[in-house]
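One line per chain: the protein sequences are A and L, in this order. Under our numbering, the first residue of the first sequence is numbered 0, with each subsequent residue one higher. Under our numbering, the first residue of the second sequence is numbered 13, with each subsequent residue one higher. Glycine included, every Cβ here is placed at the ideal spot set by N, Cα and C. I have placed the structure first, in the form of structure tokens, so that the comments after it can refer back to it.
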Amino acid sequence: MSGAFVLVASYPKSGNTWTRIVLEKLRRGAGRPFSINDLDAQLHGILRRLAFDSWVPANAADMVMEEIEDFLPAVYRRAVREIEGHVLVKVHDAARRNRDGEWLYPPDCMSNVIYLARHPFDVATSTAHHLNVSLERAVEIMADDGSGRRPHTTMSESLPQVFGSWSGNVESWLGSDAYTVTVARYEDLCADAAGEFARLARAAGLQASTQDVAHAVDATRFGALQGEEEKHGFKERPESSSRFFREGRPGTWRDVLDQSLRDRLVSGHARAMERLGYGADGSY
Amino acid sequence: MQSATFDGPVPGVPGAAIREVPELPRHLPGGVPVAPHTEALPGALLFEIPRIARYLVRDGTTIDVAVMDGADRAAAELFLLGSARGALIHQRGELPLNAATLIAPNWKCVAICCPSVVGKSTLAAALCRRGWLLVADDITRISWNGTMPVAWPSHNRLKLWRDACEMLGADADALQRVRNGLEKYFLPVSASATPAALGVAVRLRIAPQTSVEEVPAGDRPHLLSESTFRPRWIDPLGRRADYARIVREIARGCRAILLSGARERPILELADRLADAVR
């Protein structure tokens with residue numbers, strides 16, 4: 000093996016894109032121009048689908064999900080032979096195994112997993128905007144163990160992913176002893192971006208000086224990302240959302256998420272919240 | 013197909029045969045791994061879709077298929093008429109093109125080439141609604157007759173997801189499902205029964221805006237290469253020289269155009285632009 004994947008894993012709307020932008024900027028090196036639309040999807044989205052179809056004897060479009068999952072570990076083992084160094088891969092799947100008991104993301108191809116978490120109150124608020132659904136629906140989605148499971152009425156550009164519930168996603172990665180996991184909370188990234196991204200850069204195997212990290216953080220401040228999206232668009236924005244970079248700060252749930260929905264989130268995800276230091280009052 | 017056994021001819025490849033056999037070996041003696049559950053050597057390719065079937069494709073003439081106990085036979089048939097047939101076409105030194113191929117009302121034969129995610133079958137269905145005739149879907153066999161590229165007829169139905177059926181006004185519930193577990197259906201369409209001289213290869217591309225560009229002659233081989241079914245199998249099958257030759261010949265014998273706008277523009281708009289481009 001000449002390289003390894005670094006999984007940047009998270010439940011959706013937890014800072015995955017921002018993190019990959021900062022780390023990708025560090026990976027490419029200071030001074031090199033970088034656009035949010037240059038973010039290399041690698042084995043995510045349509046590229047994962049195309050890689051699958053080119054390496055597997057039959058097309059994903061003719062397979063049911065279990066068959067696709069039978070082949071996925073082999074696809075990653077094949078893909079890792081073609082990369083150099085550490086390559087970031089975005090993942091919203093929960094950590095899980097296929098029906099043969101193999102991890103979908105083979106641990107022997109992964110140097111590290113960076114797991115990003117965000118307070119579920121903010122995840123609910125952001126999910127509602129992202130999918131253009133009510134807050135109540137967003138809370139339901141976060142409680143659904145099969146969340147992300149495609150209804151198979153259409154083949155999307157990407158292969159199916161199963162996020163699981165919010166807490167199921169958290170527990171699957173943090174509770175697995177198959178991977179080396181570095182956890183980062185979105186709130187901490189916002190509070191101490193330079194310190195936290197320096198830590199994540201080390202976890203991703205990147206050689207970056209304090210100055211490099213400070214520069215990358217400065218160039219990817221939320222306002223800058225919003226400005227670029229406004230000017231040039233962002234290819235990862237879903238059709239359901241008017242903009243991807245909406246409100247990059249903790250606490251967006253205040254004045255929006257009512258007490259009954261907060262109670263449902265707390266009762267449904269108590270253990271994972273406690274594990275991550277997230278309070279029932281929204282504290283972190 | 014869906015008969016008691018899969019025994020019979022290979023669609024679009026006269027003289028080639030499918031035989032259903034009770035079992036096939038797990039490995040191909042002397043073969044090299046070319047993909048997960050796939051081994052090849054010159055003249056033979058063996059692959060397996062776990063829990064469905066194993067396929068042995070030999071000499072460009074025979075496909076043996078062993079369906080596993082309890083497997084969905086409709087699924088076994090999909091992979092038989094897809095990947096196994098594609099391997100057989102490679103073995104013959106011909107071109108298996110990832111394309112839905114049709115004959116336009118002006119009798120021009122047009123291959124819409126792209127990976128399976130881009131929407132060629134949906135576009136083909138929209139064109140069939142306008143009087144075009146289907147030649148082949150998914151994988152089109154293209155041979156060279158010494159003078160021109162020839163597209164061989166193999167399909168009289170298109171595989172469409174439920175969403176695409178609804179978009180085209182077809183009642184998915186009245187159609188045959190392609191296999192269990194997928195909301196994907198066979199839409200019967202008017203089809204051509206005879207081979208046709210391929211006139212235009214159209215590469216369908218995902219893009220925000222619709223546009224049509226003529227591909228210069230020197231770039232046509234690249235367009236055909238990126239639209240080839242499983243190019244990684246060519247070397248292990250020992251067909252590199254044949255492949256290079258047929259791609260060169262086909263590139264010389266037909267026009268090629270790039271049609272942008274797939275997945276992001278309405279399908280009827282794409283159909284209009286394509287119809288104009290090949291008029």
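| task | Check A:Ile82 in the structure and name its three-state DSSP category. | result | coil
| Which word fits L:Glu35, buried or exposed, when buried means at least 16 other C-beta atoms lie within 10 angstroms of its C-beta? | exposed
| Does the distance from the CB of L:Gly230 to the CB of L:Met160 come in under 8 Å? | no
| Which two residues bound the contiguous beta strand (DSSP E) that contains L:Asp288? | Where L:Asp288 is concerned, there is no enclosing beta strand (DSSP E), although the alpha helix (DSSP H) it sits in stretches over Ile279 to Ala289.
| Per DSSP, what kind of secondary structure is L:Lys132 in: helix, strand or coil? | helix
| query | Do we get a CB-CB distance below 8 Å when we pair L:Leu216 with the residues of chain A? | reply | Not one beta carbon of chain A lies nearer than 8 Å to the beta carbon of L:Leu216.
| query | Taking C-alpha atoms, which residue in L:Gly43, L:Val147 and L:Ala138 lies nearest to L:Ala203? | reply | L:Val147
| With a Cβ-Cβ cutoff of 8 Å, do L:Val122 and L:Val214 count as a contact? | Yes. Within cutoff.
| query | Are any of the Cβ atoms in chain L nearer than 8 Å to that of A:Phe70? | reply | yes
| Does the Cβ of A:Lys24 have 16 or more other Cβ atoms within 10 Å, making it buried, or fewer, making it exposed? | buried
| query | Roughly how many angstroms separate the alpha carbons of A:Met0 and A:Arg80, rounded to a whole number? | reply | Bear in mind that the predicted position of A:Met0 carries a pLDDT of just 41, short of 50, making it unreliable; the figure below should be weighed with that in mind. Distance between the alpha carbons of A:Met0 and A:Arg80: 5 Å.
| task | Please go through the same chain and pick out, in chain order, the residues whose beta-carbon is closer than 7 Å to the beta-carbon of A:Leu256, but skip the five residues on each side of it. | result | Phe120, Ala123, Thr124 and Leu134
| field | Identity of the residue in A:Ala215, A:Leu199 and A:Arg263 nearest A:Tyr285 by Cα | value | Residue 285 of chain A lies beyond the residue range present for chain A, which begins at 0 and ends at 283; the question has no answer from this structure.
| query | For L:Arg277, which residues from the same chain have a beta carbon less than 7 Å from its beta carbon, with the 5 sequence-adjacent residues on both sides left out? | reply | Correct list, in chain order: Thr222.
| field | Three-state secondary structure assigned by DSSP to A:Pro150 | value | Confidence in A:Pro150 is poor, its pLDDT being 48 and thus under 50, which makes the residue's placement too unreliable to answer from.
| request: Label L:Ala29 either buried or exposed according to how many other C-beta atoms from any shown protein chain fall within 10 Å of its C-beta, with 16 as the threshold for buried. | output: exposed
| task | Measure the C-alpha to C-alpha separation of A:Gly2 and A:Met109 and round it to an integer number of angstroms. | result | Answer to the nearest angstrom: the Cα atoms are 9 Å apart.
| Boundaries (first-last residue) of the beta strand (DSSP E) holding A:Asp61 | A:Asp61 -> no beta strand (DSSP E), and no H or E assigned at all.
| By Cβ distance below 6 Å, which residues in the same chain neighbour L:Ser239 in space, the five residues on each side in sequence not counted? | Leu109, Asn110 and Cys125
| said: Please report the straight-line C-alpha distance between L:Met13 and L:Cys177, rounded to a whole angstrom. | reply: Unreliable positioning characterises L:Met13 in this predicted model, as indicated by a pLDDT of 49, which lies under 50. The coordinate reading is nonetheless provided below. L:Met13 and L:Cys177: Cα-Cα distance of roughly 22 Å.
| said: So the candidates are A:Glu228, A:Arg201 and A:Gly167; which of them puts its Cα closest to the Cα of A:Val212? | reply: A:Arg201
| query | To the nearest whole angstrom, what separates the beta carbons of L:Gly273 and L:Leu282, a pair I think is in contact under 8 Å? | reply | 6 Å
| field | Three-state class that DSSP yields for L:Glu276 in the structure shown | value | coil
| Within the stretch 114 to 162 of chain L, ranges of the beta strand (DSSP E) (whole runs, at least 3 residues) | As far as the stretch 114 to 162 of chain L is concerned, its whole beta strand (DSSP E) runs of at least 3 residues are 121 to 125, 145 to 148 and 151 to 156.
| field | Among L:Val33, L:Ile64, L:Leu68 and L:Arg63, the one whose alpha carbon lies nearest that of L:Thr50 | value | L:Leu68
| Do you know offhand how far L:Ile258's Cα is from L:Trp245's? | Taking the straight line joining both Cα atoms gives about 16 Å.
| Using a beta-carbon distance below 8 Å, is L:Phe59 in contact with chain A? | With 8 Å as the cut-off, L:Phe59 counts as an interface residue toward chain A.
| At what residues does the alpha helix (DSSP H) containing A:Met272 begin and finish? | Gln258 to Leu275
| Contacts that A:Ile45 makes with chain L (C-beta to C-beta distance below 7 Å) | Val129
| query | Count the other CB atoms within 10 Å of the CB of A:Gly249; is the residue buried (16 or more) or exposed (fewer)? | reply | Strictly speaking, residue 249 of chain A in this sequence is Pro, with Gly absent from that position. When all chains shown are included, A:Pro249 counts as buried.
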